[in-house]
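Protein chains in written order, with my numbering: chain V, 4 to 167; chain P, 21 to 408.
Think of the CB as a built atom: it goes at the ideal place given N, C-alpha and C, for glycine as much as any other residue.
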Amino acid sequence: MKENLKNKILDILNENCQHTPAEIATMLGADESLVISAIDELEGDKIILGYKAMINWEKIVSDNVIALIELKVTPQRGEGFDKIADRIYKYPQVDTVYLMSGGFDLTVIINGKTMKEVAMFVAEKLAPMESVVSTATHFVLKKYKEQGVIFTDEEVDDRQVITL
Amino acid sequence: MTDFESLLSEKVKATKPSGIRKFFDIVAEMKDAISLGVGEPDFVTPWAIREAGIYSLERGNTHYTSNWGLAELRKEIANYLERRFSLKYEPKTDIMVTVGGSEAIDACIRALIDNGDEVLIPEPSFVCYSPCTVLAGGKPVPIVTRAEDEFRLTPEALKAAITPKTKLLILPYPNNPTGAVMTREDLEKIAAVIRDTNIIVLSDEIYSELTYGGTHVSIATLPGMFERTIVVNGFSKAYAMTGWRLGYAAGNPTIIKSMIKIHQFAIMSAPTTSQYAAIEALQSCDEDIERMKNEYNYRRRVMVDGFRKMGLECFEPRGAFYVFPSIKSTGMTSAEFCEKLLYSKKVAVIPGDAFGESGEGYIRASYCYSIKNIDIALERIAEFLKEI
C-alpha cells in the first residue's frame with residue numbers, strides 16, 4: 004500500500020516537483036500526512052535525490068558547451084569499472100557518467116564554457132588516466148528533447164468552439 | 021422578396037440550437053478568459069497513431085474504404101471490445117465504422133424511429149439525442165436523473181416513462197455532463213425492465229475508457245441484452261482523436277445493416293486516413309489510454325475537492341471528464357451564474373440546462389485542462405462566490 008503510494012508520488016514529482024504535499028494528497032485522494040511521511044522516507048532513502056528546474060540554458064547564456072565523450076577503459080581487477088568511474092565523476096565539470104554495453108565502456112557528459120576548455124579537460128584529465136584506452140569527443144550542437152521535455156515545443160490550445 | 025425562413029423544414033425549425041454553442045460565442049470574443057468549457061481531450065493524439073496516419077498517406081491509401089470500414093479495422097475493433105469489455109461481435113456483420121460516435125447515434129436513431137415513435141433519453145445528457153430524434157420524426161421523452169441517485173437511471177423512472185410507443189432507450193453512460201456511471205447491478209435492474217419488451221437500447225459508451233475506480237460495464241454483456249443493444253463507441257475520447265472523426269457501432273446485424281443503408285448514402289465511408297491510424301491505436305496504444313486516464317483522475321480529484329471547498333455541493337463523478345457541481349445555493353439560475361462568472365472573472369463553464377431542463381441549478385466544468393489552469397480557474401470561481 005505504502006510502496007504503491009510512493010510510486011504514485013514519484014510519478015507526480017517526476018512530472019512536476021513543484022506540487023506541494025497537499026496538492027499531491029488531493030490528486031491521489033490520500034491523506035496529506037501520509038504523503039508528507041512518504042516523501043520524507045523517499046528523501047531519506049536517497050530515492051529522491053533533489054529537486055531541480057529544467058532550464059534551457061541556450062536561451063540565457065551563449066558560451067555553454069556540452070560534450071558527450073565515449074571512453075574505452077581497461078577494467079581493474081577486483082574493482083571492475085567502478086573505480087575508474089569514481090575517479091571521473093568526482094570532477095565537478097563532469098555532469099553525467101554511464102557504464103555502457105557495446106562498442107565503448109563509459110559515456111561521460113561534460114559542461115564547459117568553450118570547446119577548448121572541454122577539449123583541454125579531456126586531453127589533460129581523462130585521456131592520461133592509466134586505464135583509459137581511448138576517447139572520442141562529440142559536441143552537442145542543439146538540444147531537441149531532454150528527460151521527456153521537448154525544447155522547441157510551444158503549447159497552443161487550438162481547440163475550437165463546438166457543440167458538445 | 022422570398023421568406024427563406026418559411027422554406028425550411030418544420031423539423032429543422034423545431035430543432036433548437038445548442039445552448040453550449042451560444043454561450044461559447046461570447047467566450048470566443050473575450051480575451052484572456054480561462055475556459056473549463058471544452059468537451060474534448062487537451063492531449064494531442066499519441067504520436068504512434070499520428071505516424072500511422074501519415075504513413076498511410078505516404079503509401080497512397082487515399083481512396084474510399086468499404087462502406088462498412090476497413091476489414092482489418094473492424095477485426096481490431098472486435099478484438100478490442102472483447103479484450104476491454106468482454107463484448108463479442110462478428111467483425112463482418114456486427115460492426116460498422118462511422119464518422120465519430122455522433123454519426124453512429126444519428127444512424128441508429130434514424131434506422132429505428134418512425135413518425136411518433138418515442139425515444140427515452142435520461143437527462144442531463146449529451147446534447148444530440150433529442151435533436152436527432154426530432155429530425156428523425158420521433159418524440160424525445162426525457163427521463164430526469166437526480167443527484168441523490170448519483171445521476172443514474174433508475175428502473176422506477178424508466179418504467180414510468182415507457183409507453184406502447186417507446187421504441188428506443190438511450191443509455192448515455194459514463195455520462196456527459198454529470199460523470200455518472202452505471203454499475204453492473206444498476207444495469208441489471210434496467211435490463212430486467214427492458215428484456216421482455218421490444219425496446220432497443222442505444223448504449224453510448226464513448227467514455228467507456230474513462231472510468232475511475234471501476235471498470236466500465238456494457239449493458240450488452242448482460243443476459244438477453246446483447247441482441248437488443250447497439251453499442252456506440254469511438255476513438256475521440258479514449259485516444260484523444262476528436263479531430264479524426266472516427267467512431268463505430270456494434271450490435272444486432274439486422275439493425276447494423278439498416279444503419280449501413282443510411283451511412284452509405286449520407287457518408288459513403290469514414291475517413292480512410294483515420295481508419296488506418298485507428299488500427300494502430302487499437303493494436304498498440306492501451307498504455308496511452310492508461311497514461312491519459314491517470315492524469316484525468318488527478319485533475320478530477322483536484323476539481324471535486326476545489327468545488328467542495330468553495331461550499332458547492334459536488335457529486336463525485338466516476339467517469340468521463342466533467343464535474344457537475346450544484347450552484348443552487350447561490351440562488352442564481354445556471355445561465356445567470358455562468359454569464360456573471362464569465363463577465364466578472366473571465367472563467368467559462370457551461371450552464372447545466374444546456375444538457376436538458378433537469379440540468380438547471382448545475383454547471384458543467386471540464387477537466388481537460390492542465391492542473392495549473394484548473395487551479396487558476398478554481399481560485400477565480402472561489403473569489404466570485406465570495407463576492408456575490
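Residue i and residue j closer than 7 Å at C-beta
i	j	result
Y318 (chain P)	R384 (chain P)	no
N87 (chain P)	S289 (chain P)	yes
I276 (chain P)	E92 (chain P)	no
G158 (chain P)	G339 (chain P)	no
A260 (chain P)	T118 (chain P)	no
S256 (chain P)	F105 (chain P)	no
F43 (chain P)	V164 (chain V)	no
T23 (chain V)	R321 (chain P)	no
R409 (chain P)	I282 (chain P)	Lying before the first or after the last residue shown, residue 409 (chain P) is absent from chain P, which here runs from 21 to 408.
E168 (chain P)	L302 (chain P)	no
A258 (chain P)	I115 (chain P)	no
I54 (chain P)	I287 (chain P)	no
P111 (chain P)	A98 (chain P)	yes
L102 (chain V)	F84 (chain V)	yes
T113 (chain P)	P273 (chain P)	yes
K11 (chain V)	L31 (chain V)	yes
S354 (chain P)	D373 (chain P)	yes
F59 (chain V)	F154 (chain V)	The sequence given here places Asn at residue 59 (chain V); Phe does not occur at that position. Yes. Within cutoff.
I220 (chain P)	L132 (chain P)	yes
Beta-carbon separation (whole angstroms), residue i vs residue j, contact threshold 8 Å
i	j	result
I190 (chain P)	A177 (chain P)	Not really, about 14 Å apart at Cβ, beyond 8 Å.
A41 (chain V)	L8 (chain V)	6 Å
V161 (chain P)	V139 (chain P)	7 Å
L56 (chain P)	Y389 (chain P)	6 Å
Y296 (chain P)	A72 (chain P)	6 Å
R162 (chain V)	E229 (chain P)	That pair is no contact at about 20 Å.
Y97 (chain V)	V136 (chain V)	Reading off the sequence, residue 97 (chain V) comes out as Val, not Tyr. Contact flag wrong, Cβ pair sits at about 18 Å.
T1 (chain V)	E73 (chain V)	One cannot answer for residue 1 (chain V) here, as it falls past the ends of chain V, which runs 4 to 167.
M330 (chain P)	I394 (chain P)	Contact flag wrong, Cβ pair sits at about 13 Å.
L266 (chain P)	S304 (chain P)	Contact flag wrong, Cβ pair sits at about 17 Å.
Per-residue burial, residue i [other beta carbons within 10 Å of its own, 16 or more giving buried]
i	result
Y109 (chain P)	buried
N253 (chain P)	buried
D62 (chain P)	buried
P197 (chain P)	buried
H236 (chain P)	buried
Q21 (chain V)	exposed
M411 (chain P)	Any question about residue 411 (chain P) goes unanswered here, given that chain P covers just 21 to 408.
P243 (chain P)	exposed
F357 (chain P)	buried
M118 (chain V)	exposed
K365 (chain P)	buried
M50 (chain P)	exposed
Y100 (chain P)	buried
T217 (chain P)	exposed
S104 (chain V)	exposed
Y193 (chain P)	buried
P144 (chain P)	buried
M279 (chain P)	buried
G80 (chain P)	exposed
Cross-strand partners of residue i (DSSP beta bridge)
i	result
F142 (chain V)	V:A70
V135 (chain V)	V:V76
L191 (chain P)	P:S223
M116 (chain P)	P:A269
V139 (chain P)	P:P160 and P:L188
N114 (chain V)	V:I69
L102 (chain V)	V:L109
I54 (chain P)	P:V367
A385 (chain P)	P:V343
V252 (chain P)	P:D224 and P:A269
V152 (chain V)	V:E149
T231 (chain P)	P:G339
G83 (chain V)	V:Q79
V213 (chain P)	Answer is none; V213 (chain P) lacks a bridge partner.
V97 (chain V)	V:I113
For residue i, the nearest candidate out of the options (CA to CA)
i	options	result
L173 (chain P)	P:V147, P:V201 and P:F146	P:V201
I401 (chain P)	P:L77, P:D206, P:V369 and P:V117	P:V369
V367 (chain P)	P:V47, P:K36, P:I220 and P:D23	P:V47
Y382 (chain P)	P:D206, P:D114, P:N99 and P:P371	P:P371
K187 (chain P)	P:I141, P:T231 and P:I226	P:I141
N67 (chain V)	V:L144, V:F154, V:I50 and V:G151	V:L144
E30 (chain P)	P:M116, P:K112 and P:A156	P:A156
A240 (chain P)	P:G233, P:Y227, P:Y232 and P:S223	P:S223
S386 (chain P)	P:E377, P:L398 and P:E380	P:L398
Y227 (chain P)	P:I210, P:A34, P:V251 and P:I74	P:V251
Contacts that residue i makes with chain C (C-beta to C-beta distance below 7 Å)
i	result
M30 (chain V)	Reference to chain C is not applicable here, since the protein chains of this structure are V and P.
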